[in-house]
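Add 5 to the 1-based position in the sequence shown for the working numbering, that's all there is to it.
Quick reminder that beta carbons are idealized off the backbone N, C-alpha and C, glycines included.
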Amino acid sequence: MRTIRLGLIGAGGIAQTHCRAIADVEGVEVVAASDVVRENAEKTAARWGIGHVFASYEEMLQMGDLDGVIVCTPTAVHAPPTIAALKAAKHVLCEKPMEATLDAAAEMVRVAHDTGKILMVALKLRYSPQVIVAKNVVDAGTLGEIYYAECVADRRRGNPGGSFIRKATAGFGAGADIGVYALDTALYLMGHPKPVAVSAITSNYISLHSEPVIGQWGRGIDRTEVEDFAAAWVRFENGARLVFKTSWCMHMDSLGGTFFLGTKAGLRVGVGEVRGPEEGVTVYRDEFGAMTDAAVQNVRPVEGIELFRRENAAFADAVREGKPSPIDPGGMLLTNVIIQGVIDSSAAGGKEIEVKVPDVW
Ligand SMILES: NC(=O)c1ccc[n+]([C@@H]2O[C@H](COP(=O)([O-])OP(=O)(O)OC[C@H]3O[C@@H](n4cnc5c(N)ncnc54)[C@H](O)[C@@H]3O)[C@@H](O)[C@H]2O)c1
6 MRTIRLGLIG
16 AGGIAQTHCR
26 AIADVEGVEV
36 VAASDVVREN
46 AEKTAARWGI
56 GHVFASYEEM
66 LQMGDLDGVI
76 VCTPTAVHAP
86 PTIAALKAAK
96 HVLCEKPMEA
106 TLDAAAEMVR
116 VAHDTGKILM
126 VALKLRYSPQ
136 VIVAKNVVDA
146 GTLGEIYYAE
156 CVADRRRGNP
166 GGSFIRKATA
176 GFGAGADIGV
186 YALDTALYLM
196 GHPKPVAVSA
206 ITSNYISLHS
216 EPVIGQWGRG
226 IDRTEVEDFA
236 AAWVRFENGA
246 RLVFKTSWCM
256 HMDSLGGTFF
266 LGTKAGLRVG
276 VGEVRGPEEG
286 VTVYRDEFGA
296 MTDAAVQNVR
306 PVEGIELFRR
316 ENAAFADAVR
326 EGKPSPIDPG
336 GMLLTNVIIQ
346 GVIDSSAAGG
356 KEIEVKVPDV
366 W
């Protein structure tokens, strides 16, 4: 098996997780690290035995024997390195969410299409047993037409702080950071219907006003510049509707869970950030002249690091075998369309606004 050689762009927190995961994946190696803060790249290289260190990713991209890069910069800095890497004929695994603005995300997808290189957004929940089984249930036609869904990504007190709460580095807050998992899970299971309108409210009341409590994440969250809560109503071209709710901080145990109503059956999915009251997959339908609930057995959560192993293995396999991106960037772009709709509707006082999927090719 040919070893796929990767370079890191951004060597902060999540880059360490990728390195740790890749250490256990056959046929992939991180051979270079770059970071505007050279010391971060140096420390990461020393920790993981990486041979080449750069303060500029442009220089790293000149390495002829580099197959691809993992973009681990803050969200609002995903597009420039991704576009530079694709133009330098490198495949890209880019951390989630794709970018802070819809325009920047659309440009990334356009360049991936034009260069023919892989652009995969690191949506690790696609590799969770729960989402894999839920997709099998949907693909078997069990649900019929999905006409309504609710998706949540919630934490009771999990504002991450740092670069996640600055407008300049994150762009948006919980709605993009963990909300992207909920949106991607919903869109993936609904078959990527085209969103046409969004109405939304956002707030950051709890981050700004609550006293610190035991179990709270993040320091300095009272300086949060982005939203820690968002709720949205999304309409799709095919008539389906989605309620999207997300929270980093709230006085509640759950926002109600992720579920899908179909004409033939309903489906509840609970996984990691997209949890509800429970983890797992349950199908609700009428059978035997009665209402039945079928809990899929042995769909147990896997460790977070295992999701990173699977994600990196899928990316490397696609690079090695010349396959398309394991996670279609055109489908991913719809998460940005909705997130941009949430931002714009909230800025317009919660009014419903029309959203448009950009023409990317
Ligand atoms: N998949 C997951 O579970 C997960 C978890 C955490 C973070 N993330 C995502 O990973 C991304 C990074 O998050 P993080 O927690 O590692 O942030 P971080 O702040 O710890 O690290 C970001 C690094 O990028 C560097 N950087 C900034 N601008 C750069 C540039 N122009 N060129 C090169 N390097 C640059 C910084 O110096 C820093 O070392 C975010 O998009 C975040 O949403 C994903």
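Q: Return yes when at least one heavy atom of ligand 1 lies under 7 Å from the C-beta of residue 77, else no.
A: The residue you call residue 77 lines up with position 72 of the sequence shown. The answer is yes for residue 77.
Q: Taking all protein chains shown into account, decide if residue 257 is buried (16 or more other Cβ within 10 angstroms of its Cβ) or exposed.
A: Reading the sequence shown from its first residue, position 252 is the one you call residue 257. The residue in question, residue 257, is exposed, as its Cβ has fewer than 16 Cβ neighbours within 10 Å.
Q. Taking residue 237 as the reference, which of 336, 355, 311 has the closest Cα?
A. Here residue 237 refers to the residue found at position 232 when the sequence shown is read from its first residue. Of the candidates 336, 355, 311, the one whose C-alpha sits nearest the C-alpha of residue 237 is 355.
Q: Tell me, please, which residues DSSP counts as bridged to residue 98.
A: The residue given as residue 98 occupies position 93 in the sequence shown. In DSSP, residue 98 forms a bridge with 75, 125.
Q) In terms of alpha-carbon separation, which member of 269, 321, 319, 316 lies closest to residue 296? A) For the purposes of this step, residue 296 is identified with residue 291 of the sequence shown, where counting begins at 1. With distances taken between Cα atoms, residue 296 lies closest to 269.
Q: Look up residue 256 in the DSSP assignment and say whether it is helix, strand or coil.
A: Locating residue 256 in the sequence shown gives position 251, where the first residue counts as 1. Here residue 256 sits in coil by DSSP.
Q | Where the alpha helix (DSSP H) through residue 64 begins and ends | A | In the sequence shown, the residue the question calls residue 64 occupies position 59. Run containing residue 64: 62 to 65, per the alpha helix (DSSP H) assignment.
Q. Between residue 71 and residue 265, what straight-line distance do the alpha-carbon atoms span, to the nearest angstrom?
A. Residue numbering aside, residue 71 sits at position 66 when the sequence shown is read from its first letter. Residue numbering aside, residue 265 sits at position 260 when the sequence shown is read from its first letter. About 42 Å.
Q: Tell me where the beta strand (DSSP E) around residue 59 begins and ends.
A: Along the sequence shown, read from residue 1 onward, the residue named residue 59 stands at position 54. That run of the beta strand (DSSP E) goes 57 to 59.
(Q) Out of 223, 221, 227, which one is the CA nearest neighbour of residue 214? (A) Along the sequence shown, one-based indexing puts residue 214 at 209. Ranking the options by Cα distance to residue 214, first place goes to 227.
Q: Pick out whichever of 274, 278, 280, 279 has its Cα sitting closest to the Cα of residue 288.
A: Counted from its first residue, the sequence shown places residue 288 at position 283. Of 274, 278, 280, 279, the residue nearest in Cα terms is 274.
Q) Just how far apart, CA to CA, sit residue 204 and residue 358? A) As a working mapping, residue 204 is identified with position 199 in the sequence shown. As a working mapping, residue 358 is identified with position 353 in the sequence shown. The straight-line gap from Cα to Cα measures roughly 6 Å.
Q: Compare the Cα-Cα distances from residue 267 to each of 353, 338, 151, 310 and report the closest residue.
A: Here residue 267 corresponds to residue number 262 of the sequence shown, with the count starting at 1. The shortest Cα separation from residue 267 among 353, 338, 151, 310 belongs to 151.
Q. Which term fits residue 225, buried or exposed, when burial requires 16 or more other beta carbons within 10 angstroms of its beta carbon?
A. Along the sequence shown, one-based indexing puts residue 225 at 220. Classification of residue 225: exposed, given that the 10 Å Cβ count is below 16.
(Q) To the nearest angstrom, how far is the alpha carbon of residue 111 from that of residue 334? (A) In the sequence shown, residue 111 corresponds to position 106, counting from 1. In the sequence shown, residue 334 corresponds to position 329, counting from 1. About 9 Å.
(Q) Comparing C-alpha positions only, which one of 186, 328, 272, 262 sits nearest to residue 344? (A) Along the sequence shown, read from residue 1 onward, the residue named residue 344 stands at position 339. Here the closest residue by C-alpha is 186.
Q.
Quick check: what's the CA-CA separation for residue 321 versus residue 293?
A. Locating residue 321 in the sequence shown gives position 316, counting from the first residue. Locating residue 293 in the sequence shown gives position 288, counting from the first residue. Cα to Cα, the separation comes out at about 46 Å.
Q: May I ask you to check if the CB of residue 133 is nearer than 7 Å to at least one heavy atom of ligand 1?
A: Within the sequence shown, numbered from 1, the residue matching residue 133 stands at position 128. Residue 133: no, Cβ never under 7 Å from ligand 1.
(Q) Please report the straight-line C-alpha distance between residue 96 and residue 21, rounded to a whole angstrom. (A) The residue you call residue 96 lines up with position 91 of the sequence shown. The residue you call residue 21 lines up with position 16 of the sequence shown. So the alpha carbons of these two residues sit roughly 20 Å apart.
Q: Determine the direct distance from the alpha carbon of residue 364 to that of residue 108, and round the result to whole angstroms.
A: Here residue 108 is taken as the residue at index 103 of the sequence shown, counted from 1. Here residue 364 is taken as the residue at index 359 of the sequence shown, counted from 1. Taking the straight line from one Cα to the other gives about 11 Å.
Q: For chain D, find out if any of its Cβ atoms is closer than 8 Å to the Cβ of residue 332; answer yes or no.
A: Reference to chain D is not applicable here, since this structure consists of a single protein chain.
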